[in-house]
Every structure is written in structure tokens, then in C-alpha cells.
Amino acid sequence: MNDMRRVERAVETNDLKITARNVQVHYGDTHAIKDVDVDILDKTVTAFIGPSGCGKSTFLRTLNRMNDTIDICRVQGQIHLDGEDIYDPKVDPVQLRAKVGMVFQKPNPFPKSIYDNVAYGPRIHGLARNKADLDEIVEKSLRRAAIWDEVKDRLDAPGTGLSGGQQQRLCIARAVATEPEVLLMDEPCSALDPIATAQVEELIDELRSRFSVVIVTHSMQQAARVSQRTAFFHLGNLVEFGDTSQIFTNPKDPRTESYITGRIG
Ligand SMILES: Nc1ncnc2c1ncn2[C@@H]1O[C@H](COP(=O)(O)OP(=O)(O)O)[C@@H](O)[C@H]1O
Ligand SMILES: [Mg+2]
């Protein structure tokens, strides 16, 4: 019986990628995140939804210390990745962001070639021993981001010359090139047309087999299509968090219900 329990607990711990406890975020006097607890599971897509200004991006940025770059921002609470405190002074935020990659709303390729965009992370983190190694990482990453066939003949062309949807997939390739464990995406499709959106959504579903993905979206259809778990934020509070199907079909909190039925937001 005791052994059995130990096994069960071990499995649970393995599945947990990030745990956030009592997280508070302030920008000066603005209390943007109020005492939020969240568990992010491995190999799962977690969606953050809620009205504009409720704190989705702020909370997402706490997960790879992106808020460190905002002077007036103060983060409190505990956030652990694989059981380790990511706010420990020993943790190098640059190393952390290689493990917890990020894709932004507006595709933001560097003003460099397609190749150099993807090679950037592996180069600064010394992940390739030689040119052949780096070539392999670049190809693998572009394949994972489902854009290899479109760019393989023009790897030296500037990344900024691609279409919006291609640029976003290039940014995803850049993010996966450092072999992250978690990929954070902040409204990654909001600047894309419906075809590019469908491609990126399909890609998110594939990425789930290797990574834990957290996506902020203002589209409830998108949350329902791509995620297995959904967190609903409102005025800086995490109101409800559960299986996506439960949140959308049987929300427990009246605020969640109002939002998903279109009455707030
Ligand atoms: N860089 C910033 N400086 C000051 N206040 C900010 C900053 N970013 C966000 N906020 C404030 O924090 C709150 C949450 O914003 P945000 O996380 O961007 O919400 P969402 O992504 O859900 O739209 C809002 O009140 C917003 O004005
Ligand atoms: Mg936002």
C-alpha cells in the first residue's frame, strides 16, 4: 500500500513541470496579479484566457522571468520549474529562458538570415560543436516548426522578408532550437490570417508531444481547439482552472460563465 502510494506520487511529480504559488505582481501601485497558484503539466497545452488587462501576459512573463526586464515590476511568490526555484539568485535568467522559451504576439525575427535566427540560441548557449552540428540543429528546428520545406532553399535570406505566418513559425523554430522544456506563447496568432493561424495551431498540437506549452489567447475557440487545460483570469485573479472541456461546458464560477458566454470581456 505504502509502495503503491509512493509510485502514484512519483508519477504525479513527473507530470508537473511548473508550480506557481502565491504569486503577486505589482507595477508600481498597480496590483496586476493577486495571489495566483497554478500547476503547469508536462506535455500539455495550457491556455490562459480572460478579458484584456486581466493579467494574462503579466503572469505568463513570470514563468521565465521576462518581467525582470520591466523596471517597475515586482514579482513575489514561488515559481518552481522541475522543483527548482526559478527566482533563486543563482539562476541565470538567460539560461532559464533557453529552457522556458517564448513566442510573442507580433512575429519578431532578428534582422538576420533565416539560418542565423535559428542558430542564435544554440550559438550563445554553445549547443553545437561544429558547423555540421549547427546545420543539423537549424534543420531540425525548422522542421519542428513546420517551415523547413518553405525556406530550405533560402536559408541565407533575411527572416524579416518572410510572410507574417512564416515569420511566426520562424520564431517558433528559434525558440525550439535551444531544446526548451516549456514554450510560452503570448497571443501567437493574433497578427496572423486564418490559414497561418490554422498552421500554427496544428504545430502547437505537435509541439505538445515534446514540450509543455502555455498559450495566452483572446480567442475562446482557439483555447478550446488547442488546449487540454484552461485558466480563466479576471482582474488579476485566477478565477477558475481546469480541464478545457469542463471550463467551456460546465464552468463552476459565474464570472467564467459570463466570460465564455460573451457577457464580460
Ligand atoms: N509594463 C507595464 N507597466 C505598467 N503596467 C503594466 C505593464 N504591463 C501591464 N501592466 C498593467 O498590468 C495589468 C495587466 O496587464 P496584462 O498582463 O498586459 O493583461 P492582459 O495580457 O491580460 O491583457 C493591466 O492593468 C496593465 O495596465
Ligand atoms: Mg496580454
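Here the sequence shown is numbered in full-length UniProt numbering, starting from 1 and rising by one per residue. Positions of the beta carbon are idealized from the N, C-alpha and C atoms, including for glycine. Because the structure is a prediction, the values reported are computed rather than measured.
Asked                                                                                                          : Found
Buried versus exposed, by CB contacts within 10 Å (16 or more), Asn250                                         : exposed
Any alpha helix (DSSP H) of 4 or more consecutive residues that is wholly inside the stretch 149 to 188        : 164 to 176
Nearest residue (CA-CA) to Ser163, options Lys252, Val151, Asp156                                              : Val151
Nearest-angstrom Cα separation, counted from Arg154 out to Glu12                                               : For Glu12, the predicted model reports a pLDDT of 41, less than 50, meaning its position is unreliable and no value from the coordinates is stated.
Identity of the residue in Asp37, Gln222, Gln76 nearest Tyr27 by Cα                                            : Gln76
Cβ neighbours of Val94 in the same chain (closer than 7 Å, five flanking residues each side left out)          : none
Asn237 versus Ile18, Leu16, Asn22, Lys17, residue with shortest Cα-Cα distance                                 : Asn22
CB contact flag (Thr44, Arg208, <8 Å)                                                                          : yes
Pairwise C-alpha distance: Glu257 and Val138                                                                   : 44 Å
heavy atom of ligand 1 below 7 Å from Ala32 C-beta                                                             : yes
Sequence-distant residues of the same chain with beta carbon closer than 7 Å to Ile260, five excluded per side : Met220, Phe248, Pro251
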